[in-house]
Amino acid sequence: MADELIVSVSGVRGIAGGSLTPEVARRFGCAFGTMLGGGATVAIGRDTRKSGPALREAVTAGLLDTGANVVDLAVASTPAIALTTRQIGADGGVVITASHNPAEYNGIKFLQPTGTGLTAADADRLKAIWQSGPFALAGGGERGSESQLATAHTTHVAAVLDVCDVGAISARGFKVAVDSNSGAGCESAAMLLGRLGCNVIHLNSRPDGNFSHPPEPVEANLGELCEAVRAQGAAVGFAQDADADRLAIVDEKGDFPGEEYTLALAAAFVLRKRKGKVATNLVTSRMIDDVAEEAGCEVIRTPTGEANVVEALCANDCIFGGEGGGGVIEPRVVPVRDSLVGMAYVLQYMAETHQALSELVARIPRYVMIKTKIPCGPDAAVKVSAAARKAFETRGGAVFNEADGLRIDLGDGWVCARASNTEPILRIIGESPSSRVAESLVDEVRGIAESVSPEN
Ligand code: MG
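In the numbering used here, the protein residues as written are -15 to 440.
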């Protein structure tokens, strides 16, 4: 991927020292301080990437120049920074992280006082101030102050313990393997699992940013964890991404059922105890629909992007939500994806049912999900959607959702084609209990896209 600074609703991302320089970061600090107004309090934390301290310093300098008071939370997970932002009554938050992206990347994410990401309107406003100013800089004596707060982990772990049954989990004394990949989740994962009475085999447990594998918690990066689960006879394996908002789960045999299972398992646990609505995005597996249907609960589908899921979750009083890539959202902790909540809920599910993780996985209907992407600009993507809709309109029972690209639901599967927000590509995702059906749905939409989109 070319090194281009990406400024989107989710924040800023680029290669540290390449497109993402301290000067870019300092200007974003000035822009955020300007947007919040003089004297604002801003919490800031970071993941463990080597470029983190310099970028934190640069954003902080920009904020202080506008008269903002900065509370430094040091290394902490995204959910811990979000929760602390809310708890201390800050006017905004900043997370220095590139999440699951490779080590050379970094990013800046901006938070509302609630701990959730900025609205699309505020993200646009921030970008405009960053690009064109003017910055509302404070006079010499009015520069903001800086303080430190080292309680983000403990605050977060306490909030997670509050929503789970510590006694029921502890009584089982689970042996748990966890791979924090030297990311921001190291300390809080150890703290949480210790408090839950687990016997912890902690891989890559030093929060020093020396990633032992690429940070995305997907199958290709879970080899070390799967092996540790097998070798040590653990009941379950957990893997966190670099900012610890995403979680992958490995069963007691050392097998990875797939990243979509994190949300499905957590939802199955939540909905057997409490009834209410669930929010997730359009490309999350149908497993969530099966789990919700069994519990008699409703699923609300949103455009992709965590901010869209959180907005729908809050607007509809959902009790739970998340995204298929391992992002579990428990609004009683903080309406942000949270790997610790995922761990606690899966352990409690195992404790209460006395079933092995592979048995809990087997209770959920299995699907095959196929993902592909083709080069395609945003204008062509609109034409692809229209052509695909026309092609599928004659199929009996086809249901269309155009909230984000086009999703077509058929009796035996679904397919979604949507333009990426950050690259000129069209993502095509299909899912069915049958791999043949999933493949043919994706192939059919890809064929339509290739015939419509001139750049192919
Ligand atoms: Mg992440």
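Quick reminder that beta carbons are idealized off the backbone N, C-alpha and C, glycines included.
Using the beta-carbon count (16 or more within 10 Å), is residue i buried or exposed?
{"i": "P319", "result": "buried"}
{"i": "Q224", "result": "buried"}
{"i": "F384", "result": "exposed"}
{"i": "L425", "result": "buried"}
{"i": "R190", "result": "exposed"}
{"i": "F235", "result": "For clarity, residue 235 is Asp in the given sequence; the question names Phe instead. So D235 counts as buried."}
{"i": "T286", "result": "buried"}
{"i": "A134", "result": "exposed"}
{"i": "D163", "result": "buried"}
{"i": "H140", "result": "buried"}
{"i": "D388", "result": "buried"}
{"i": "Q115", "result": "exposed"}
{"i": "R316", "result": "exposed"}
{"i": "N292", "result": "buried"}
{"i": "D31", "result": "buried"}
{"i": "Q132", "result": "exposed"}
{"i": "I354", "result": "buried"}
{"i": "P37", "result": "exposed"}
{"i": "H137", "result": "buried"}
{"i": "T69", "result": "buried"}
{"i": "I432", "result": "buried"}
{"i": "G21", "result": "exposed"}
{"i": "E126", "result": "exposed"}
{"i": "R10", "result": "buried"}
{"i": "G(-5)", "result": "buried"}
{"i": "E441", "result": "The structure shown does not extend to residue 441, since the chain spans only -15 to 440, so no value can be given for it."}
{"i": "D363", "result": "exposed"}
{"i": "D482", "result": "Nothing in the structure corresponds to residue 482, since the chain is present only between -15 and 440."}
May I ask you to check if the CB of residue i is nearer than 7 Å to at least one heavy atom of ligand 2?
{"i": "S172", "result": "No copy of ligand 2 appears in this structure; the ligands present are ligand 1."}
Our contact map puts residue i next to residue j with C-beta atoms below 8 Å; I'd like the distance itself, whole angstroms only.
{"i": "L102", "j": "T50", "result": "That pair is no contact at about 17 Å."}
{"i": "V220", "j": "L341", "result": "5 Å"}
{"i": "G29", "j": "A58", "result": "6 Å"}
{"i": "F253", "j": "Y329", "result": "5 Å"}
{"i": "E336", "j": "A155", "result": "Their Cβ separation, rounded to whole angstroms, is 11 Å, which puts E336 and A155 out of contact at 8 Å."}
{"i": "D393", "j": "S416", "result": "Contact doesn't hold; Cβ gap of about 11 Å is too wide."}
{"i": "A27", "j": "I65", "result": "6 Å"}
{"i": "V436", "j": "A382", "result": "Contact doesn't hold; Cβ gap of about 19 Å is too wide."}
{"i": "S(-8)", "j": "A168", "result": "With 8 Å as the limit, S(-8) and A168 do not qualify as a contact, their Cβ atoms being about 21 Å apart."}
{"i": "R270", "j": "Y351", "result": "6 Å"}
{"i": "V399", "j": "G380", "result": "Going by Cβ atoms, the distance from V399 to G380 rounds to 16 Å, so no, they are not a contact pair."}
{"i": "S166", "j": "F195", "result": "6 Å"}
{"i": "A251", "j": "F240", "result": "No, A251 and F240 are not in contact; Cβ-Cβ is about 19 Å, not under 8 Å."}
DSSP beta-bridge partners for residue i?
{"i": "H140", "result": "For H140, which the question treats as bridged, DSSP gives no partner whatsoever."}
{"i": "L187", "result": "D163"}
{"i": "T25", "result": "N53"}
{"i": "I358", "result": "L410"}
{"i": "T264", "result": "R285 and G306"}
{"i": "R373", "result": "For R373, which the question treats as bridged, DSSP gives no partner whatsoever."}
{"i": "Q339", "result": "Paired residues: none, contrary to the question."}
{"i": "W398", "result": "D393 and E415"}
{"i": "Q132", "result": "D56"}
{"i": "Q216", "result": "Looking at the DSSP assignment, Q216 forms no beta bridge with any residue, so it has no partner."}
{"i": "I92", "result": "V(-4) and I80"}
{"i": "V234", "result": "G221"}
{"i": "G(-10)", "result": "Just to set this straight, residue -10 is Ile in the shown sequence, not Gly. Per DSSP, R(-3)."}
{"i": "R316", "result": "Answer is none; R316 lacks a bridge partner."}
{"i": "N385", "result": "R391"}
Within the chosen definition, does the segment 201 to 212 reach the segment 37 to 51 through at least 3 CB pairs nearer than 8 Å? Contact between the segment 201 to 212 and the segment 37 to 51 is absent, because fewer than three Cβ pairs lie under 8 Å.
With three or more beta-carbon pairs closer than 8 Å as the criterion, would you say the segment 223 to 241 touches the segment 78 to 90? Three or more Cβ pairs closer than 8 Å define a contact, and the segment 223 to 241 meets that threshold against the segment 78 to 90.
Any contact of the segment 246 to 258 with the segment 295 to 307, i.e. 3+ C-beta pairs under 8 Å? Yes: at least three Cβ pairs fall under 8 Å.
Three-pair Cβ contact test at 8 Å for the segment 89 to 96 versus the segment -2 to 11: Touching, yes.
Is it the case that the segment 64 to 73 contacts the segment 94 to 110, given that we only count it when at least three CB pairs across the two stretches are under 8 Å? Taking one beta carbon from each stretch, the segment 94 to 110 and the segment 64 to 73 have 3 or more pairs nearer than 8 Å; the two touch.
Is the segment 108 to 125 touching the segment 5 to 25 in the sense that three or more CB pairs, one from each, lie closer than 8 Å? In this structure the segment 5 to 25 lies against the segment 108 to 125, because at least three pairs of beta carbons, one per stretch, are closer than 8 Å.
Given 8 Å as the limit, is there contact between the segment 407 to 416 and the segment 350 to 361, that is, 3 or more CB pairs closer than that? Touching, per the Cβ criterion.
With contact counted as at least three CB pairs below 8 Å, one residue from each stretch, are the segment 255 to 271 and the segment 183 to 203 in contact? They do not touch, by the three-pair rule.
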